[in-house]
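Enquirer:
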Amino acid sequence: MAERPLPFPAPDEQSGPGEELDARLVQRLRAAYAALPASTPQMAEDCARAVLAEAARPQVGGGRGARGGRRLPRPQWWWGAAAAAVLVVSVVRPWRPEASQRQADSAFVAGSAVTLEGSTRVVGDGTVRFELRLPASAREVSLVGDFNGWDEQATPMVQRAADGTWSARVPLEPGRHTYAFVVDGQQWLVDPLAPQVPDAGFGPTNAVIVDGSSP
Amino acid sequence: MLLVWAPLALGAQQRPDTLRASVGPMLPAAAQTALQTRAQIQFDESRFDSLTANTLRGLFEDARDMGLPTRPLINRALEGAARRMSSERILRTVREFAAALNAARESLGATSTPDELAAGAAALRAGIDEATLQSVRRSNPRGSTEIALVVLTDLVSRGVPRPNARDAVNALSPLPKGDEALLGLQSLVAKNAQRGPGMALEALNRYVRGTIPAGASPSTPATTDRKPVRPPDP
């Protein structure tokens, strides 16, 4: 004789067909499981500790189970493996890959949050010192602008050994000048704090310096 | 005027040499002589291919004929070559910048310096309208508008709404040390713009309130929907 399904959870649910009752049971069980709070590392540690303590306790009373049958003896390594499995599943939580992904994204953002710093100041006799501190290492940095015909070879910058800042001194006539930095002959950068000149024609914006002594 | 601007409008499809050859027989002999002996504009042609260099030369000469400064146009072309842009893009950008220079001259006045016109053209290309340029000129009719236009362009590029940037620049520009005040405003806004949305405008309002004498502010404090998350740097 085939076993009948248990009368769970309500009598009205027994009146339907067997397949419908099974579907509702599965749905309720899944909903109840989803409503459970996620286990914390502390809960996992407590659970593992309890399992290990149970394993270390000597067997007494003939080892009879609740159903009155004889409990099967388990080897010591079984309990250790179970505790390790609980720890791995609770701490790593492989069913939530989005959590580890978020951590990776945050680490990436934090690592790339370093920004370049630049400065320009008049040294004297119409000479302007350009300085640039880069977040990453560079082999060569050059200064280009309307004062040198935008020639990458005309004004190479020199790196100070003390702090790694690239600098160059250029004599400039009073007036408006536009400039940019070229890193390793490929990447064009602008000073983020100097006045910006956005222009859609050639892509990245240029910085501009204005000498106050201009007529 | 139409003939002068034709190469600017036609670009690479109509070379200016060809255009001049077609209208040459209609000009008096003296004018033809003057046309042939006119000094050529010097620029580093080796940075471009021959066709692009010839077209650029036509653009530069037409701009000179209109009384526009050619140095900003040459710089734009050299910048494009240094950035390894295509010839088509270089020509288009130079042509658009020439048109912006002309519009800036109409807004700022014919007596404007070449640097003022270049700054005005950059402002127009950054999305600032001609009425704003005219208001900048009116706010400081006797002095140079060069720094005011540079700072105005920078403020707008950092997200400050155009009306707020215009009012702040026009309020600071007529001050006795207006240029220093404008550069101080630019520096403060640049620092605070890196700290989050709304910080640039908050810094601008605070700077203007602290710089302009009481009762002299021409506008009410600007507002924004984006609230700052922390107070701006001093």
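So the protein lines, in turn, are chains A and B.
The numbering of the first sequence is our numbering, which starts it at 1 and goes up by one.
The numbering of the second sequence is our numbering, which starts it at 1001 and goes up by one.
Yeah, the Cβ is synthetic: ideal placement off N, Cα and C, and Gly gets one too.
Model, not experiment: these values are computed from the prediction.
#1: From the DSSP output, in three-state form, read off B:Leu1073 for me.
#2: Using 8 Å as the Cβ pair cut-off and three pairs as the minimum, do the segment 138-150 of chain A and the segment 171-186 of chain A touch?
#3: What does B:Asn1140 touch in chain A if you count any residue whose Cβ is under 7 Å from its own?
#4: Here's a check: name, in chain order, each residue in its chain whose Cβ is nearer than 7 Å to the Cβ of B:Arg1047, leaving out the five neighbours to either side.
#5: Determine the chain B residues that contact A:Val128 at a beta-carbon separation under 8 Å, and present them in chain order.
#6: What does A:Pro156 touch in chain B if you count any residue whose Cβ is under 7 Å from its own?
#7: Mark B:Arg1057 as exposed unless 16 or more other C-beta atoms lie within 10 angstroms of its C-beta, in which case mark it buried.
#8: Quick one: grab the DSSP three-state call for A:Ala121.
#9: Does chain A have any CB closer than 7 Å to the CB of B:Asp1129?
#10: Could you please give the first and the last residue of the uninterrupted alpha helix (DSSP H) stretch that includes A:Ala180?
#11: Can you have a look at A:Val170 and say buried or exposed, based on whether 16 or more other CB atoms are within 10 angstroms of its CB?
#12: Since B:Lys1177 meets chain A, which of its residues come closer than 8 Å, beta carbon to beta carbon?
#13: How far does the alpha helix (DSSP H) with B:Gly1178 in it extend, from its first residue to its last?
#14: Can you tell me whether A:Ala168 is helix, strand or coil according to DSSP?
#15: Hey, how far is the Cα of A:Leu193 from the Cα of B:Gln1194?
#16: Alpha carbon to alpha carbon, what distance is there between A:Ala56 and A:Ser217?
#17: Is the CB of A:Gly185 under 7 Å away from at least one CB in chain B?
#18: Considering just the uninterrupted stretch of the beta strand (DSSP E) at A:Phe130, what are its terminal residues?
#19: Can you give the Cα-Cα distance for A:Ala85 and A:Ala50, rounded to whole angstroms?
#20: Between B:Gly1184, B:Asp1179 and B:Val1094, which has its C-alpha nearest B:Leu1068's C-alpha?
#21: For A:Met43, count neighbouring C-beta atoms within 10 Å of its own C-beta (all shown protein chains included) and say buried if the count is 16 or more, exposed if not.
#22: Sort out for me which residues DSSP pairs A:Val144 with in a bridge.
#23: Taking C-beta pairs closer than 9 Å, name the residues in chain A that B:Asn1075 reaches, listed in chain order.
#24: Put A:Pro156 into one of helix, strand or coil per three-state DSSP.
#25: How would you list, in chain order, the residues of chain A whose beta-carbon sits under 8 Å from the beta-carbon of B:Asp1044?
#26: So the alpha helix (DSSP H) B:Gln1040 belongs to, where does it begin and stop?
#27: Taking only three categories from DSSP, how would you classify A:Trp150?
#28: Excluding the five sequence neighbours on either side, which residues of its own chain have a C-beta within less than 6 Å of the C-beta of B:Ala1118, listed in chain order?
#29: Give the straight-line distance between the Cα atoms of B:Arg1205 and B:Ala1104, rounded to the nearest whole angstrom.
Expert: The structure says:
#1: Helix at B:Leu1073.
#2: At 8 Å Cβ cutoff, the stretches touch.
#3: Within chain A, no C-beta atom comes nearer than 7 Å to that of B:Asn1140; the closest sits roughly 14 Å away.
#4: Leu1078 and Ala1081
#5: Those do not exist, as A:Val128 stays about 14 Å from chain B at its closest Cβ, beyond 8 Å.
#6: Near A:Pro156 there are no residues of chain B at all, since even the closest Cβ is about 14 Å away, more than 7 Å.
#7: buried
#8: The sequence shown places Arg at residue 121 of chain A, not Ala. Strand at A:Arg121.
#9: no
#10: Per DSSP, A:Ala180 belongs to no alpha helix (DSSP H); it is in the beta strand (DSSP E), Arg176 to Val183.
#11: buried
#12: Within 8 Å Cβ-Cβ: nothing; B:Lys1177 doesn't reach chain A, min ~10 Å.
#13: Gly1178 to Ala1193
#14: A:Ala168 falls in the strand class under three-state DSSP.
#15: 9 Å
#16: Since the displayed chain A opens at 1 and closes at 215, residue 217 of chain A lies outside it and no answer follows.
#17: no
#18: Thr127 to Arg133
#19: C-alpha separation (whole angstroms): 14 Å.
#20: Nearest neighbour of B:Leu1068 by Cα position, chosen from B:Gly1184, B:Asp1179 and B:Val1094, turns out to be B:Val1094.
#21: It is exposed - the Cβ of A:Met43 has fewer than 16 other Cβ atoms within 10 Å.
#22: A:Ala180
#23: Near B:Asn1075 (Cβ distances below 9 Å), the residues of chain A are Gly145, Asp146, Gly149, Trp150 and Thr178.
#24: strand
#25: Gly149
#26: For B:Gln1040, no alpha helix (DSSP H) encloses it, and the DSSP letter there is neither H nor E.
#27: Note: A:Trp150 maps to coil in three-state DSSP.
#28: Pro1072.
#29: Here residue 1205 of chain B turns out to be Asn, not Arg, going by the sequence shown. The alpha-carbon atoms of B:Asn1205 and B:Ala1104 are separated by roughly 28 Å.
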